[in-house]
Amino acid sequence: MRAHGRKIAIIGGGFSGSLLAVQLLRSTSPSDNIMLIERNAAFGRGVAYATGNDSHLLNVRAGNMSAFSGRPDHFLEWLQHHPQPGSGGMVTTADRLTFVSRRIYGTYIQDILTSEIAGQSGAPRLGLVADEAVTLHDTGGGFRVEVAGGRQYDADIVVLAVGNFPPEGDEPGYIANPWDPQALTGIRQESAVLLVGTGLTMIDTVISLLDQNHAGPILAISRRGLLPRTHAAVTAIKPFLPAAAAPRTVPALMRRIRQEVDRAGADEHRWRAVIDSLRPDTRDLWISLPPAEKRRFLRHVRPWWDVHRHRMAPSVAARIEAARSTGQLTIRRARLGRLVRKGQLVDAELLPVFGAP
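Its first residue numbered 237, the sequence shown is counted upward by one per residue in our numbering.
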């Protein structure tokens, strides 16, 4: 029998870390204590929801963005009670089909965390540590977390919720971290811009460039040249592939999904309903795959899954298509070779990609 409660340290206070802290407060013993360690001052946002650009929209409709599976309308209810200021000072609300800004969703996560802290009775069980965890020591019976400021925190359990590590190595003419709020501020309006990657981060970067009235050409490259597909209105279908009944190989799994797409009918939009129906089971499907099949998925299927599962809001897709139709934005299959600095310019070597996309 433990004489005292557990100490649980969560390193990373973005979406995952913050919601884990909330769930632990609700499900663990009153004697347990939780530390949420985040190097940024803004708990709850992380990289994904820290953007200050309201043109950066969620890639999922508001009706599917509740933080709690048991309360599917929680985000919509929050929006109704927390109308957000929009452009021109107007107050905006949303229905379940709306694609709201990621900034607003970050505020939602922050509000959940703040409300949970305020609702604690008795001695506070959640402590917020605004510092960067730099070292983790195994003490034999537990762990010791050291932060950049020099303090150390003992814990029985440590959870790493650090998300994606930002790239490092900015150089003149080369921006390694597109999520830096100041990343694009030094780009001249007429400059030619090369973007490496054609996924949703590229989409956000193009939108940011357009928002700052960029007039120069933009070239985006990737090995397959795939763009995220666009959301469209479809009739939802029931989940059809529970993990317990799913194939355990990637080829068989893909065949089963394609069969369901064929069964959905000739409407070109129906595949979206099939992919969306996998949402409740995606995690369990992934966990059920053997390690070798997970590696196969990552090598061969992930790019296709990403562009079909993580789609663009229609308003964002319209801006991207407009930029392509005018010739300002070009998408190309290529690999990046050498980057050579030539005065104020960077000469980028683009290598061909052979084989099917």
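Glycine residues also receive a C-beta, built at the ideal position from the N, C-alpha and C atoms. Since we're looking at a predicted model, the values are computed, not measured.
{"Item": "Residue 574 (DSSP reduced to helix, strand or coil)", "Value": "strand"}
{"Item": "Reference residue 567; option with closest CA among 279, 333, 290 and 438", "Value": "438"}
{"Item": "Residue environment, residue 341, which counts as buried when at least 16 other CB atoms sit within 10 Å", "Value": "buried"}
{"Item": "Residue 379: first and last residue of the uninterrupted alpha helix (DSSP H) it sits in", "Value": "Per DSSP, residue 379 belongs to no alpha helix (DSSP H); it is in the beta strand (DSSP E), 379–383."}
{"Item": "Residues of its chain near residue 326, where Cβ-Cβ distance is below 7 Å and the 5 sequence neighbours each way are ignored", "Value": "For residue 326, the predicted model reports a pLDDT of 45, less than 50, meaning its position is unreliable and no value from the coordinates is stated."}
{"Item": "Selection from 493, 265, 289 and 570 that minimises the alpha carbon distance to residue 442", "Value": "289"}
{"Item": "Beta-carbon proximity list for residue 458, same chain, < 6 Å, skipping 5 on both sides", "Value": "433 and 434"}
{"Item": "Where residue 363 falls: helix, strand or coil (DSSP)", "Value": "strand"}
{"Item": "Residues that DSSP places opposite residue 388 in a beta bridge", "Value": "382"}
{"Item": "Meets three-Cβ-pair contact criterion under 8 Å: the region 262–276 and the region 359–374", "Value": "yes"}
{"Item": "Residue from 338, 295 and 430 with nearest C-alpha to residue 286", "Value": "338"}
{"Item": "Distance between residue 466 and residue 503 (C-alpha atoms, nearest Å)", "Value": "15 Å"}
{"Item": "Contact between the region 465–483 and the region 539–559 (3+ Cβ pairs under 8 Å)", "Value": "yes"}
{"Item": "Three CB pairs or more closer than 8 Å across the region 478–488 and the region 553–572", "Value": "no"}
{"Item": "The region 499–514 in contact with the region 579–587 per 3-pair CB rule at 8 Å", "Value": "no"}
{"Item": "Start-to-end residues for the beta strand (DSSP E) that takes in residue 565", "Value": "565–569"}
{"Item": "Within 8 Å, strictly: CB atoms of residue 524 and residue 451", "Value": "no"}
{"Item": "Residues bridged to residue 431 [DSSP beta-bridge criterion]", "Value": "456"}
{"Item": "Inter-stretch contact (C-beta, 8 Å, three-pair minimum) for the region 273–281 and the region 294–307", "Value": "no"}
{"Item": "Close Cβ partners of residue 346 (< 6 Å) along its chain, the five nearest in sequence each way excluded", "Value": "280"}
{"Item": "Counted within 10 angstroms of its Cβ, other Cβ atoms place residue 416 as buried (16 or more) or exposed", "Value": "exposed"}
{"Item": "Close Cβ partners of residue 510 (< 6 Å) along its chain, the five nearest in sequence each way excluded", "Value": "496, 497 and 500"}
{"Item": "Nearest residue (CA-CA) to residue 543, options 383, 589, 508 and 404", "Value": "508"}
{"Item": "Near the ligand ZN: residue 362 beta-carbon under 7 Å from a heavy atom", "Value": "Inclusion of the ligand ZN in the displayed structure is not the case, the ligand content being empty and no account of it being possible."}
{"Item": "Nearest-angstrom Cβ-Cβ length linking residue 242 and residue 393, presumed shorter than 8 Å", "Value": "6 Å"}
{"Item": "DSSP three-state assignment for residue 426, whether helix, strand or coil", "Value": "coil"}
{"Item": "Status (buried if at least 16 other CB within 10 Å, exposed otherwise) for residue 477", "Value": "buried"}
{"Item": "Residue 292, buried or exposed, once every other Cβ within 10 Å from all chains shown has been counted against 16", "Value": "buried"}
{"Item": "Whole-angstrom distance between residue 444 and residue 323, CA atom to CA atom", "Value": "Residue placement at residue 323 cannot be trusted, given a pLDDT of 47 that sits under 50; what the coordinates show is reported in the next sentence. Rounded to whole angstroms, residue 323 to residue 444 spans 16 Å at the Cα level."}
{"Item": "Euclidean distance between Cα positions of residue 336 and residue 320", "Value": "10 Å"}
{"Item": "Separation of residue 256 from residue 348, as counted between CA atoms", "Value": "11 Å"}
{"Item": "For residue 300, three-class secondary structure by DSSP", "Value": "helix"}
{"Item": "Beta-carbon separation (whole angstroms), residue 369 vs residue 383, contact threshold 8 Å", "Value": "6 Å"}
{"Item": "Nonlocal neighbours in the same chain, by C-beta distance under 6 Å from residue 572, ignoring five residues either side", "Value": "432"}
{"Item": "Counterpart residues of residue 584 in DSSP-defined beta bridges", "Value": "575"}
{"Item": "C-alpha distance - residue 313 paired with residue 355, whole-angstrom precision", "Value": "19 Å"}
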